[in-house]
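What follows is a single structure, written as structure tokens, with notes after it.
2 protein chains.
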Amino acid sequence: MPHPLFEKHKAVLDAAVEAIHARGFWTPFPETPSPKVYGETAHEDGKRAVEACFGADFVLDQPGQSGWVATERSPYGVELGVRYPVCSTDALIKAAQAAQPGWQKIGAEGRVGVCVEMLTRLNQRSFELAHAVMLTTGQGWMMAFQAGGPHAQDRGLEAVAYAWDEMSRVPAEAIWEKPQGKNPPLKMKKHFEIVGRGVALVVGCGTFPTWNTYPGLFAALATGNPVIVKPHSNAVLPAAITVRILREVLTEQGLDANLVSLAVVEKRTDTQALATHPAVKSIDFTGSNVFGQWLIDNARQAQVYAELAGVNNVVIESTDAYKAMLRNLAFTLSLYSGQMCTTTQAIIVPAGGIETDQGHKSFDEVATDLAAAIDKFLSDVNVAAAVLGAIQSDATLDRIDEAGQHGRVVLASKKIAHPDFPQAEVRTPVLLTCDAADEKSYMEERFGPIAFVVKAADADAALALSERIVSEHGALTVGLYSTRTEVIDAMTEATWRAGVALSINLTGGVFVNQSAAYSDYHGVGMNPAANASYADSAFVANRFRVVQRRYHVE
Amino acid sequence: MPHPLFEKHKAVLDAAVEAIHARGFWTPFPETPSPKVYGETAHEDGKRAVEACFGADFVLDQPGQSGWVATERSPYGVELGVRYPVCSTDALIKAAQAAQPGWQKIGAEGRVGVCVEMLTRLNQRSFELAHAVMLTTGQGWMMAFQAGGPHAQDRGLEAVAYAWDEMSRVPAEAIWEKPQGKNPPLKMKKHFEIVGRGVALVVGCGTFPTWNTYPGLFAALATGNPVIVKPHSNAVLPAAITVRILREVLTEQGLDANLVSLAVVEKRTDTQALATHPAVKSIDFTGSNVFGQWLIDNARQAQVYAELAGVNNVVIESTDAYKAMLRNLAFTLSLYSGQMCTTTQAIIVPAGGIETDQGHKSFDEVATDLAAAIDKFLSDVNVAAAVLGAIQSDATLDRIDEAGQHGRVVLASKKIAHPDFPQAEVRTPVLLTCDAADEKSYMEERFGPIAFVVKAADADAALALSERIVSEHGALTVGLYSTRTEVIDAMTEATWRAGVALSINLTGGVFVNQSAAYSDYHGVGMNPAANASYADSAFVANRFRVVQRRYHVE
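Here the protein sequences line up with chains A and B, keeping their order.
For what it's worth, our numbering labels the leading residue of the first sequence as 1, then goes sequentially.
For what it's worth, our numbering labels the leading residue of the second sequence as 1, then goes sequentially.
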């Protein structure tokens, strides 16, 4: 008899698997924060649920708890003061291991059924999650809702769909019957058990605490592994709410809630001890190159799926929609103050300028016009505050302050007073120009609203520079503007060599820094910015093994 | 238009994919060396083709050749003297990289079509390959034919089937159309290119130069990668014949033959330099723990798929077919003188003995009866020579000679004069008993015809010991003999925890050391003996990436 939650969610699962194969648009989680979809009181309920956490203990009932700790500071200046349980790493790991056999026992169908139930519950709580994401990360409200809610749930469901797609092709049992000429055949019965590889650790980042956490979390869960979520110290609340909802679902299903737990770790050495624990068999990490590389070098007992820093870039060779191109780039550079791992940092333009539908534009004109487009787009303070959000970390504020030394400033960053949050640190992008030879300036990630218009000798040099940046420093996204087929073909082949996703001539409502679940492979997993992709079969296939047994039958 | 070789082999590919999902018996490559199947002159032709290589240059027409080298010594005492090209590693890598784009260009269909064509050609040359395998490895003729020919081809086709199964679910292109309420939808066209991760290195072993090479070779090829085959210095010929056939097929297809090349490397430091070359992105290795671990520790730029040593074991708790059990074990221990990575080394028996259909048998009786069964099975010199083959390496001869110091000898190894090859080193198995506490004796791999009957306190202790051996030292196979359901269940759960394939109550024509392509997962990839399995989706999914591009369409 199939698991009841598998039956309940089978239609969604089938559609999700169809979506990852067809890669068109699809989602079961509406991205519009509409009362008609989420309920008349959903917005208020979500806000109140988050506010109820302020200054209080966030009870999770996890083993090995020794105390409480509050670690968050809101970029919007809101006093949070949520206190999270501090638990012994060993206790969490032991409890996770104890929970694994029961999770294995319900089989692939049971696991994916429970996972979709979890995602459905998360979806119902999207407003609560959105408020938590907004207040901890500094994202604007709409992005916090969409990227922190439905889009993150989409990436989780996508991982479940990949896991199911792989696991469903392993039969539970088989009869193997080998002819023996005139003698009776050899006949065996074989059983195939899908076994998770062991405790999974998912290390979240400070900017997208759900979107970058759900893929690894649900990929690991669906394939049979217990998961310990270690959130960024400044974005614990969205992870804590998520873990609580997942633990509730597990308890309702008669499963061990300790299959999923939250590790709020105060010291980096404690995170390191957790990551290198022999029981930890996989680590999903989003964050800095320094700690990511430390994990890859030191957590040798685990498969590490790492999304690190890169230098995303766009080549402008020519365009037949100059203004629309500038608007598109202005939005990309402004969205969440460039605090996305997919935001463009280097815009490479030939020294001789470009041909456009508005006539020839010199290199300097392109830079100046882009600056003007950003300025215009952010001229309305309400638009600016909504799009920019707040600066998440002091390190990013410092980078903005010292950006001027790395090139010629075409557009200076401005501090904007947020209409609703007077203490929020809101900053407009800084745009600089520099020469391709000034590699020190633009060829390392400067996370935040800092972008360079880089002068390349010519179009060929621009393409070659883009490819080299990706190969040597990594990138999650590259873009190209060109009206010439041969340039588009050359750039396409360069991205195959370098291993990066390419957006061509974006002039409308899609932006190079956005990627859509079920359709866009986020990251490729082939250049230094990431060794895995959201999502593909490689993202799930190595998280489980098949253990067989066989015996003779008549 | 589909690739002609895809069309030609589509039925076989479809059947192979069906087989890996159903996991019953299937093969397109007959294992019987019958003239009716392979042709009346096939045996003679194959033998002559191999003999024609003796004392001659084996021309491969590879780049960067600096000379010739002969490295093989036949365990049968036959003078081989085949001289292989010595080529510069850098030249082979550069040529491999140059060949990759053309291989990518024919797409997944083209690649799997060409791969099945290659396997079909290899199958037609099975007698030639069998003679080469027999003379270089010391395998008996029948095993050399079956394991070195059709069964190896099966494992190669299985890898192609897995690769095709994964790649065929990535669409070449898609239309993504996202509704925008009352506004026109956002509409994009997306292209998805499957790109191999880069040069693959396949390092062969001295005992199964085709069976252990074809899975990695064909998994890497099918997923879009050029392959350099680095055979064991004593088993070059089967790999060289394979590479020559593959290069012929590539040339016929107008593809770059340097997509597949042979690296005959004289010094270990040269192999190390090759393995750690930045361009090498995957390594398939079968062999010693020392070099395997060196690769895992040092070839950090590559995915390493390693099959290493282990301590395969069988627990005898009880049986209702005592004599058949002993016959089955006798065959397992004798086949190819135990020089299989799957051969049982430790047979764990309770100190109090076992219940059987022949009454109670004490620990000592089990050991003595097993010794007698081996002795009886090998009493006919023709059977013995055919089953045992010859000892492949001096190191194995040394291990046999000094085995007596590791326990009480129940059956001593005997040297047998081979009826056809007077210089062959043929040895019967040595069987020892020891106590479970004598871990130094039996708890490291003693490759070759050396087995221990290990005395455990009781059945529970026997199961626990088996699990600990697998978890700590690794194993590719474990077996159990028991008439009690609760013991079978307990052992089953132990194998889920330890991650090892289990054979239960084998008393007929299937042996614990045999695994069948498309049905048995060879190795699990979850214990120290191997980090990958032949084959599962994890074996192929990480060998390619999907690189996308997208643009607006009306």
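Where a beta carbon is used, it is the ideal one built from N, C-alpha and C, also for glycine.
Classification of residue i by the beta-carbon crowding that lies within 10 angstroms, buried from 16 upward
i, result
"B/M1", "exposed"
"A/P209", "buried"
"B/V547", "buried"
"A/D154", "buried"
"B/A424", "buried"
"A/Q405", "exposed"
"B/R48", "exposed"
"B/S337", "buried"
"B/T120", "buried"
"A/P429", "buried"
"A/V349", "buried"
Sequence-distant residues of the same chain with beta carbon closer than 8 Å to residue i, five excluded per side
i, result
"A/P422", "G77"
"B/D536", "Y162, Y521 and G525"
"A/A70", "L80, G81, V82, R83 and Y84"
"A/L255", "A99, G102, W103, I106 and V114"
"A/E402", "none"
"B/G523", "E307, L476, A501, A529, A530, A532, S533 and Y534"
Endpoints, the alpha helix (DSSP H) within which residue i is located
i, result
"B/A324", "Y322 to S334"
"B/N298", "N289 to N298"
"B/H43", "A42 to E51"
"B/L465", "A459 to H473"
"B/F452", "Segment I450 to A456 is the beta strand (DSSP E) holding B/F452; no alpha helix (DSSP H) there."
"A/W141", "W141 to G148"
"B/V314", "Counting along the chain, B/V314 falls outside any alpha helix (DSSP H), though it belongs to the beta strand (DSSP E) covering N313 to I316."
Delimiting residues of the beta strand (DSSP E) encompassing residue i
i, result
"B/K281", "V280 to T286"
"A/A403", "Where A/A403 is concerned, there is no enclosing beta strand (DSSP E), given that its DSSP letter is neither H nor E."
"A/I354", "I354 to T356"
"A/M443", "Segment: none, A/M443 is in no beta strand (DSSP E) and carries neither H nor E."
"B/A346", "A346 to P350"
"B/T137", "Taken as a continuous stretch (DSSP letters only), B/T137 belongs to no beta strand (DSSP E), being part of the alpha helix (DSSP H) at S126 to T137."
"A/M188", "N183 to G196"
"A/K361", "G359 to K361"
"B/P85", "Y84 to C87"
"A/F544", "F544 to H552"
is_contact[residue i, chain A] using C-beta, thresh 7 Å
i, result
"B/H151", "no"
"B/W176", "yes"
"B/F25", "yes"
"B/G107", "no"
"B/S34", "no"
"B/A501", "yes"
"B/M167", "no"
"B/P215", "no"
"B/V510", "yes"
"B/L262", "no"
Chain D within 7 Å of residue i, Cβ atoms only
i, result
"B/W103", "The structure shown contains no chain D; the protein chains it does contain are A and B."
C-beta neighbour in chain B for residue i, strict 7 Å
i, result
"A/R111", "no"
"A/S537", "yes"
"A/E495", "In the sequence on display, residue 495 of chain A carries Thr and not Glu. Interface residue, yes."
"A/L445", "Note that residue 445 of chain A is Glu in the sequence shown here, rather than Leu. With 7 Å as the cut-off, A/E445 does not count as an interface residue toward chain B."
"A/S519", "yes"
"A/E193", "yes"
"A/G525", "yes"
Spatial neighbours of residue i in its chain, beta-carbon cut-off 6 Å, leaving aside the 5 residues before and after
i, result
"A/L259", "A99, W103, P226 and L250"
"A/D57", "W68 and R83"
Heavy atom of the ligand SAH within 6 Å of residue i beta-carbon
i, result
"A/D57", "Judged by which ligands are present, the structure shown has none, so any question about the ligand SAH falls away."
Same chain, Cβ closer than 7 Å to residue i, neighbours up to 5 away in sequence not counted
i, result
"B/P238", "L129, A132, V133, T136, G148, P209 and T210"
"B/A494", "L463, S466 and E467"
"B/M142", "A386"
Which full runs of the beta strand (DSSP E) of 3+ residues lie inside the stretch 157-181 of chain B, going along the chain? 173-180
Please give me, in chain order, every unbroken run of the beta strand (DSSP E) with length at least 3 that falls completely inside the stretch 198-231 of chain B. 199-203 and 227-230
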